[in-house]
Amino acid sequence: MRGKTDPRPVTIALDSLSWLLLHLPCTTLCQTLYALNYQDSSLGDSSPVQQVRVLGLLHEELHGPGPVGALSSLAQSEVTLSGTAGQASAHILYRRPQQHPTVKTQWFSIRPDFSLDLQGGPPLASQPHPDPHIFQVDPTTHLTFNLHLSKKEKEAKDNLTLPFQFSSEKQQALLCPSLGQATSYIFYEPDVYDDLDQEDPDDDLDI
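Everything in the sequence shown is counted per my numbering, starting at 2 for the first residue and increasing by one.
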């Protein structure tokens, strides 16, 4: 792994990280993967070190959010596969140092010879054809209320004054009371437990 004469990049493929998680603690696996990926940081510049890339397959449905999130935080590139062989998609998340992550979705299908057929976008969903033998039920047939009002009902609806609506006379009486009209007052008697401190309680905060 740390050959001095051949420092070419090396890729380690792990066909099942799920199997390793069943036999090793999650912390041990994460520390091992981190050491493989960042081993060159522990050596000096005079020692040529092989660049190691780790490619691992993880079945997310077999693990909880804790192990999945821990392994995801170590990955520079994360590819999430979904769909079937006839129509699948790859959600690609690429993390660059000191840059915003790049997200891309690639649609593809697998041919009978196991080669990939890359597609530019998601497939168009086929519109379902209605079955002529199925009787379509009118949703407005058995309603408990009338959707259509008669002319007399519309007039009664327009003339109805709702409780929250004020007439012009009532608005004028409320806004401009007459001189002879009695004026209302609000009397408040403080309780013994009321906080009557007029000072701002946030004055002592250093903001």
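All residues carry an ideal CB built from backbone N, CA and C; glycine is no exception. Note that the structure is a prediction, hence the values are computed from the model and not measured.
In the structure shown, what three-state DSSP assignment does residue i receive?
i      : result
Ser73  : helix
Leu94  : strand
Asp118 : strand
Gly65  : coil
Ala89  : strand
Gln173 : helix
Just confirm the distance between the C-beta atoms of residue i and residue j, as a whole number of angstroms; I'd bet it's less than 8 angstroms.
i      : j     : result
Trp108 : Ser83 : Contact flag wrong, Cβ pair sits at about 10 angstroms.
Ile13  : Leu56 : 7 angstroms
Thr81  : His92 : 4 angstroms
Arg30  : Leu37 : Sequence inspection shows Leu at residue 30; the Arg mentioned does not correspond to that position. 11 angstroms between Cβ atoms; not a contact.
Leu75  : Leu15 : No, Leu75 and Leu15 are not in contact; Cβ-Cβ is about 13 angstroms, not under 8 angstroms.
Gln52  : Pro26 : Not quite, the Cβ-Cβ distance comes to about 27 angstroms (not below 8 angstroms), so this is no contact.
Does the ligand MG have a heavy atom nearer than 8 angstroms to the CB of residue i?
i      : result
Pro102 : Among the ligands in the structure shown, none appear at all, so the ligand MG cannot be discussed.
Expressed to the nearest angstrom, what Euclidean distance is found between the alpha-carbon atoms of residue i and residue j?
i      : j      : result
Glu61  : Leu18  : 10 angstroms
Ser127 : Asp139 : With a pLDDT of only 42 at Ser127, under 50, the local geometry of the prediction cannot be trusted, and no value is derived from it.
Lys152 : Ser169 : 27 angstroms
Ser73  : Gln88  : 25 angstroms
Glu79  : Phe146 : 55 angstroms
Pro102 : Leu119 : 23 angstroms
Leu148 : Ala157 : 16 angstroms
Ala86  : Gln99  : 36 angstroms
Ile187 : Pro66  : 58 angstroms
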